[in-house]
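Below is one structure, written out as structure tokens; the observations come after it.
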Amino acid sequence: MSVPEFLFHYTSIEGLAHILSSKKIRFSRLDFLDDMDEGGSADILDWRKYFFVSCWSSSEEESIPLWSMYTNDMKGVRLKVKTDMFKKYRYSLDSVPSFMHLADTSSAPPGARVMLESYMPYDEMHGESYMVMPPSWRKEDWPYAIEYTNEESKLKQEILKQNSVTGQTTISYNEVARYKRKVWRFQDEWRFRLYCHNAAPRSLMGKMSETDYYNLMIKSLSMLGTGISQEHLYLTLDENVFENIEILMGPKVVEAERIMVNALKQKYCPSASLLNSQLSGKIR
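In the working numbering, the protein residues as written are 211 to 494.
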């Protein structure tokens, strides 16, 4: 399935204000989503506490269920945004701690300056007690389409697997947050996903030797069970996104709300398109 050029996000006027003023998109931990089956598995471990997602729709046609569920009685807005919406960061491998294997440098010429690219600066990837893992933004999964299925083998599969011969443990992280039951098909959902692990406390960096911190980090990254304490993470939008953003007002927006939305547009993205819902006056 080809990645759509644009994605759509239904939100409240308050949500619009937060997005435009902060220039950030919120990623919610899986156990805070409305689908209570989200992120389930056959494992004892609760994987929902390690994954954060931002959810969008690929359907350009207005969705009455999405208006109803996510915009406060259809009085919110729908954003139309370029899929390649997030700011990219480039930095030198030398600028991050040497214990972080963020890139394969085996083929680089001796003395070459290796540059990394991600959607988060390193200071945000490594929080006080967590690490956003670089595989999160693999090109083939950034974003990806939700697969709707009622197959329990997909909805409740083993994510953590151990090879009985080699003793090696593998994590099929790519399978988490990929499937939803068919009753959710109306969402036509595409999502961006962040995969996190527990990490050595950021505040201890520089207070112990690099070797000791490395050992503590490896131990922390290998520990599973507690989950990530943060409920939300945020990614910064690219500045160019605001030049072409489209704001569609909900079917039941009243004049006072229309004034608020227009004021937000004029302040934060004056070149954005502001449109009325095709369903206005057609829903009680």
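Heads up, the beta-carbon is just placed ideally off N, CA and C, and yes, glycines get one too.
First and last residue of the uninterrupted alpha helix (DSSP H) at residue i
i           : result
residue 280 : 274-280
residue 288 : Not the alpha helix (DSSP H): residue 288 falls in the beta strand (DSSP E), residues 287-292.
residue 363 : 362-365
As assigned by DSSP and simplified to three states, the class of residue i
i           : result
residue 421 : helix
residue 454 : helix
residue 481 : coil
residue 328 : strand
residue 370 : strand
residue 257 : helix
residue 494 : coil
residue 349 : helix
residue 459 : strand
residue 471 : helix
Beta-carbon proximity check, residue i vs residue j, cutoff 8 Å
i           : j           : result
residue 353 : residue 293 : yes
residue 386 : residue 249 : yes
residue 269 : residue 400 : no
residue 237 : residue 263 : yes
residue 444 : residue 395 : no
residue 218 : residue 285 : no
residue 404 : residue 342 : yes
Reference residue i, options the options, closest by Cα
i           : options               : result
residue 369 : 381, 329 and 442      : 381
residue 388 : 494, 367 and 340      : 367
residue 439 : 488, 418, 344 and 338 : 338
residue 278 : 486, 461 and 478      : 461
residue 231 : 488, 483, 476 and 493 : 476
residue 242 : 391, 377 and 261      : 261
residue 224 : 420, 258, 280 and 416 : 280
Residues bridged to residue i [DSSP beta-bridge criterion]
i           : result
residue 236 : 444
residue 383 : Per DSSP, none; premise fails for residue 383.
residue 263 : 238 and 403
residue 296 : 447
residue 390 : 358
residue 336 : 341
Cutoff 8 Å: residue i Cβ touching any chain B Cβ
i           : result
residue 413 : In summary, chain B is missing from the structure at hand, where a single protein chain is found.
Residue i - containing beta strand (DSSP E), residue span
i           : result
residue 399 : 399-408
residue 217 : 216-221
residue 341 : 340-342
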